[in-house]
Amino acid sequence: MNIAEFALGGAIFVGVSAALIAVAAPSGPRPIVAGLGTALTGALGVTAGSGVLAGQRVSVARPDVLPLFGTSFELDSLGAVFIIVIGGVAVAAGVYGIAYAPNGVRSRTTQSMLPLFVVSMLLVPMAASVGTLFLCWELMAATSLVLVLTEHRRPEVLVAGQWYAVMTHLGFFLAMIGLFLFAASAAGDTFAELRDAGPSLSPTVSGLIFVLMLAGFGSKAGIVPLHAWLPRAHPEAPSHVSALMSAAMVNLGIYGIVRVGFDLFGGGPQWWWLLAITLGAISAVYGILQAAVNTDLKRLLGYSTTENMGLVLVAVGAAGLFASQGNDVLAALALTAAFLHVVNHSAFKTLLFLAAGSLLHATGTRDLDELGGLRKTMPVTTATFGWGALAASALPPGTAFVSEWLLLQSLIHGLPPQGVADAIVLPVTVAAVALTAGLSIATFVKAFGIGFLARPRSVMAERATESPFPMLVAISIAGLTSGMLALMPSAALPATGDVATALLDADAAVAGTVHLRLVGASGMLSPLMLTVTLIVAAAITVAAVRTLAARRRRVGARLWDCGAGPMPARTEYTATSFAEPLQRVFDDVVQPDHNVDVDHYEESRYLVRTIEYRRRVPDRIEASLYGPIVAAVAWFGRVATRLAPGSIHRYLGYGFYTVCGALILLVLQR
Amino acid sequence: MLSLWRKIIRTGRVVEPAEPRPAEGAAVAELDGSAQVRHVDAGSCNGCEVEIASAFGPVYDAEQYGTRLVASPRHADALLVTGPVTRNMAEPLRRTYEAVSEPKAVVAVGDCARNCGVFADAYGVAGAVSDVVPVDVEISGCPPRPDEIVEGLRKLTGR
């Protein structure tokens, strides 16, 4: 038994026993048990993943566990990358969970589900057969659903839970049809058999399978238009669960697409990947646009997840496209960018969700319009969230910058395109990625500037106090990881690059330790040097201003506030007003609802008593796409009650006629 | 665009001929030749505002004498105060005066600003402008004519 197998066995054992102990433990130490168990499970997961990347093999087949199809697990390097990511997020989330235990989160169900959720996520990338994959997938969906419903007494949580339950099972259903179709055509359900049969399937069947998989796994990754559950469920879950879902679970959607597309099918025709790029680009732009106009901090982060998964899907699609054209170097570059962005996104999104949770813990609100002024009272949270916002906004020296740079390099080097479809899709995608980067800066400037700086906009924000120590430790772990990924991406690059090249049978696309050099295409980047230069330049500027300005006499003066001051916090910029210009530019896409109510005095219509302005930015795709479906289902639900009037005779009749129908069908088929 | 040019050519110069420059020179020596002016309505009936607007219009064109209206006391050299100073405006006027950088001047425009005019002893009035901030130039009239305002402003710049 090697280290990886030992660590994986340990992870499952620790996770399950932490869940059992959490059930038995009294409510005081319960979060500690569950949190430590989760963190340890995650750490063991990271160990196992690292072991596999170092060349160890993990392979377990238990035909007796599940009737008919048994279970088989095998961890290869692709799965190992995702396991390391999940493990890393779980460490931070677990440590955070030790102290993050407001009412409701303390309950037995929630605390015991947390380690189980991590275990089930760790199992998904290990599954080596269709049956095992779906068993683990469903386990993951069920445990996360229970966690989303933690604060089930609030009506919005119930709604979010319903959306999540329905959509996650819809995705599961689509992916299941796809994979069962695949397994039926391959006459076997282990991935090894599928891998053998994949390339020889007829294009129609494999195309159908891929589209079903893309929809099924894409819904898990929050790809538009199947994203509707994500901005609902992620904000309503407790924050460390949000971090686990948003930074670890959504990645598994990408994992599924890569596993099926690259590993099992070994690449595919061009149109598959053009479809993936298009969906990814739409998700990226739409996600970040919704994030830019949202004022609910956690919802904003949820939409940002949709954006980042969209970017990853663009990179995956680009890799497939280049591979189908025989350009393996660029394909490896794009796939490396995809994996690196998965890793980076997980790091900074964990940080952001945990910091948002700390904010929620301290103020009790997620509404940016009621926050602000937290720099003095919550210095650690403010500093870490500020770093996270920079990391997420695709600017150097942020974390997302490196992977988005790699993605853009691969897309730009893909020009000049081969064929008409490429010629349209590739340049538009480059533009979409650039637009996404720009909008993400606006979004995170808003989230950080309005949420943390200036003066408190409400009493809750004024009374905020810094969160307990373990929460700050967890946030700092995530912050340090994302900082390391930003400055030394070469720490994560060989691993992600090797996985990409192994999948594509290509040469390494990115090399170098301090400088990142593209192999086979021109391009070089050194995040560390860039950061050092930025810091030196900033220091010189500050020093120059200090020395030059110090010569003049300084005069203290009152802030000019039109003579009427002091200005109240009401006069500050709010998240709504900050996003207003953007919302106006993208009016046709966002289509906000405005409502102005003016209340007059009875004596005269010229004397205004109150003015109430309400603005809501509903998700238009959700409203126009899901509205009719939901209405149709509700209608069917009402009508279908006529089928079940309560008469036992009728129910027996149903059974009788069904059996007759089945027999007739069988006779006819012979 | 063409019609605008036509209009300009057809209209020609409408500005009043310049009077001789004031004998005593600039009211504040450092402002010699140029004064950025911030207008403060301390409680005026808006009669003076109408006249100030035409003083800076094309006919009287106060800007040719080096005065210019600006949007903040932080940009200004001088204040142009109209109206009796009401209780609500006394403190803001004082703060506005403090916000103007040194050297600074105050012009009281109209009878109300000089001695409260018809509003003298009214319950909402804190006093004349000179009761609140030091006044350098006074322009009388209710309201003063635009040419009188221009004359007063020229005392400020000495041009």
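Quick mapping for you: the protein sequence lines, in order, are chains A and B.
Per our numbering, residue 23 is the first one in the first sequence, and the count goes up by one each step.
Per our numbering, residue 1008 is the first one in the second sequence, and the count goes up by one each step.
Built from N, CA and C at the ideal position, the CB exists for glycine as well.
**Contacting residues, own chain, Cβ-Cβ under 8 Å from VAL1132/B (five flanking each side not counted)** = Setting aside the 5 residues that flank it on each side, VAL1132/B is surrounded in the same chain by GLY1050, PRO1091, VAL1092, THR1093, ARG1094, CYS1123 and PHE1126, each with a C-beta closer than 8 Å to its C-beta; the list follows chain order.
**Asked** For chain A, is any of its Cβ atoms less than 7 Å away from the one on ARG1081/B?
**Response** yes
**Message:** Taking the beta carbon of ILE310/A as the centre, do at least 16 other beta carbons fall within 10 Å, making it buried, or is it exposed?
**Reply:** When all chains shown are included, ILE310/A counts as buried.
**Message:** So THR1103/B contacts chain A; which residues on that side make the cut at Cβ distance below 7 Å?
**Reply:** Correct list: GLY585.
**Asked** Straight-line CA distance for LEU556/A to ILE562/A?
**Response** 10 Å
**Message:** I want to see whether chain B comes within less than 7 Å of TRP185/A, judged by CB atoms only; does it?
**Reply:** Not a single CB atom of chain B sits nearer than 7 Å to the CB of TRP185/A.
**Request:** Let me know the secondary structure DSSP gives LEU547/A once reduced to three states.
**Result:** strand
**Asked** Considering only C-alpha positions, which residue in the set ALA345/A, LEU417/A, ALA476/A and ILE499/A is nearest to VAL17/A?
**Response** Residue 17/A falls outside the range modelled here, since chain A spans only 23 to 692, and no answer is possible.
**Prompt:** So what does ASP621/A bridge to, in DSSP terms?
**Reply:** THR632/A
**Prompt:** How many Å lie between SER134/A and ALA486/A at the Cα?
**Reply:** In this structure, the alpha-carbon of SER134/A lies about 30 Å from that of ALA486/A.
**Request:** Verify the CB distance criterion: does PRO1110/B have a CB-CB separation below 7 Å to chain A?
**Result:** no
**Prompt:** Going by other Cβ atoms of all chains shown within 10 Å of its Cβ, with 16 needed for buried, is TYR1104/B buried or exposed?
**Reply:** buried
**Asked** Hey, how far is the Cα of PHE491/A from the Cα of ALA121/A?
**Response** 8 Å
**Message:** Is there a C-beta anywhere in chain A that falls below 7 Å from the one on PRO1099/B?
**Reply:** yes
**Request:** Assuming THR1074/B contacts THR1164/B (C-beta within less than 8 Å), just tell me the rounded distance between them.
**Result:** 6 Å
**Request:** Identify each residue in the stretch 563 to 586 of chain A for which the Cβ-Cβ distance to at least one residue of chain B is less than 8 Å, and report them in chain order.
**Result:** ALA579, ARG580, TRP582, CYS584, GLY585 and ALA586
**Asked** In chain A, which residues lie with their C-beta within 9 Å of the C-beta of ALA1078/B?
**Response** Near ALA1078/B there are no residues of chain A at all, since even the closest Cβ is about 11 Å away, more than 9 Å.
**Asked** Shorter than 7 Å from the beta carbon of ALA1106/B to some beta carbon of chain A?
**Response** yes
**Message:** Taking 7 Å as the threshold (C-beta atoms), are ARG1081/B and TRP427/A in contact?
**Reply:** No, these two residues do not count as a Cβ contact at 7 Å.
**Asked** Are the CB atoms of PRO1151/B and GLY1117/B nearer to each other than 7 Å?
**Response** yes
**Request:** Could you tell me which residues DSSP puts in a beta bridge with GLN312/A?
**Result:** Beta-bridge partners of GLN312/A (DSSP): none assigned.
**For ARG576/A, the three-state DSSP class (helix, strand or coil)** = coil
**Request:** Please list, in chain order, all residues of the same chain as VAL127/A whose beta carbon is under 7 Å from its beta carbon, the five residues on each side excluded.
**Result:** Excluding positions up to five away in sequence, the list reads THR172 and PRO260.
**Asked** Taking C-beta to C-beta, are MET235/A and GLY200/A nearer than 7 Å?
**Response** yes
**Asked** Who are the Cβ neighbours of TRP295/A in its own chain at under 6 Å, not counting the five residues just before and after it?
**Response** GLY339, GLY342 and LEU343
**Asked** Given that a residue counts as buried once 16 or more other Cβ atoms are within 10 Å of its Cβ, and exposed if not, what is CYS1055/B?
**Response** CYS1055/B is buried by the Cβ-count criterion.
**Message:** Relative to the C-alpha of VAL107/A, which candidate in LEU396/A, ARG627/A and VAL140/A has its C-alpha closest?
**Reply:** VAL140/A
**Asked** If you draw a straight line from the C-alpha of LEU62/A to the C-alpha of GLY288/A, how long is it?
**Response** Between LEU62/A and GLY288/A, the C-alpha separation is close to 36 Å.
**Message:** Check whether chain E comes within 7 Å of TRP294/A, counting only Cβ atoms and requiring the distance to be less than that.
**Reply:** In the displayed structure, chain E is absent; the protein chains listed are A and B.
**Prompt:** Where DSSP assigns a beta bridge to ASP1128/B, which residues make up the other side?
**Reply:** Paired residues: none, contrary to the question.
**CA-to-CA distance, ALA565/A to LEU192/A, given in whole angstroms** = 59 Å
**Asked** Taking the beta strand (DSSP E) that LEU539/A falls in, what are its first and last residues?
**Response** The residue you asked about is not Leu; residue 539/A is Arg in the sequence shown. Start and end: 538 to 540.
**Prompt:** Pick from ILE34/A, THR399/A and ALA56/A: whose alpha carbon is nearest that of ILE43/A?
**Reply:** Considering only ILE34/A, THR399/A and ALA56/A, the residue with the shortest C-alpha distance to ILE43/A is ALA56/A.
**Asked** DSSP state of HIS174/A, grouped into three classes?
**Response** Looking at HIS174/A - three-state DSSP - the assignment turns out to be coil, as it is neither helix nor strand.
**Asked** What is the rounded straight-line gap between the Cα of GLY395/A and the Cα of PRO478/A?
**Response** So the two alpha carbons sit approximately 4 Å from each other.
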